[in-house]
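To start, the structure itself, in structure tokens.
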Amino acid sequence: MKNSTHFPQLFLRLALGIGFILPVMDRFGWLGAPGNPTVGWGNWSIFLDYTNSLMPYLSRPLANIMAIIATAGELIFGVLLIIGYKIRLAAIGSFLLTLMFALSMLFFANYRAPFNYSVFVVSASSLLLATIPNYRWALEANP
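The working numbering numbers the first residue of the sequence shown as 1 and each following residue consecutively.
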């Protein structure tokens, strides 16, 4: 295999992007109802409860605002990574967002949660994507 980052960066962008979009869809119940085997939350209310459990140091209204911000970030970063626009900025944003998720899970869920769900891996992958010098197959592609 030729030493090139073209295919790996595309694969990583798509994997991260889809990995952000699917949980957003889950929160709105678009992937099924709560309790279905492939559904994590199934509705916004359950997601808010989970978010509040990861941010016990915030009041419920403030934690709910953070849930909205996180969801908007995931949606925006996911779309930007998939279409290949502002990739470096989206990768840095997704690194910071997932690092906050991972640390909150580590301290307020249980120490294994961010490892069981590979949140640190997603965070590190996002950071690695931000360091790639150019991106092919993207709206902002450099040859």
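All C-beta atoms in this analysis are idealised placements derived from N, C-alpha and C, irrespective of residue type, glycine included.
With distances taken between CB atoms, is the gap from residue i to residue j smaller than 8 Å?
i: tyrosine 135; j: glycine 78; result: no
i: arginine 60; j: tryptophan 41; result: no
i: leucine 129; j: arginine 13; result: yes
i: leucine 81; j: alanine 90; result: yes
i: asparagine 64; j: leucine 48; result: yes
i: phenylalanine 20; j: serine 94; result: yes
i: proline 34; j: isoleucine 46; result: yes
i: glycine 32; j: asparagine 43; result: no
i: methionine 105; j: leucine 54; result: yes
Which residue marks the beginning of the alpha helix (DSSP H) containing residue i, and which one marks its end?
i: leucine 128; result: 119-130
i: glutamate 74; result: 60-83
i: serine 45; result: 44-54
i: glycine 40; result: Taken as a continuous stretch (DSSP letters only), glycine 40 belongs to no alpha helix (DSSP H), as it is neither H nor E.
i: asparagine 116; result: 113-116
i: leucine 31; result: That residue, leucine 31, is in no alpha helix (DSSP H); it is neither H nor E in DSSP.
i: arginine 136; result: Taken as a continuous stretch (DSSP letters only), arginine 136 belongs to no alpha helix (DSSP H), as it is neither H nor E.
i: alanine 91; result: 87-108
Kindly list the residues whose CB is nearer than 8 Å to the CB of residue i, restricted to its own chain and excluding five residues on each side of it in sequence; keep chain order.
i: proline 56; result: Phe108
i: tryptophan 137; result: His6, Leu10, Gly84
i: leucine 22; result: Leu31
Please return the same chain residues whose Cβ sits closer than 7 Å to the Cβ of residue i, not counting the five positions on each side in sequence.
i: threonine 71; result: Val24, Arg27
i: isoleucine 92; result: Ala130
For residue i, I'd like the list of residues in its chain whose CB is within less than 6 Å of its CB, leaving aside the five on either flank, ordered along the chain.
i: alanine 113; result: Met105
Q) Would you call the stretch 97-105 and the stretch 121-128 touching, i.e. three or more CB-CB distances under 8 Å? A) yes
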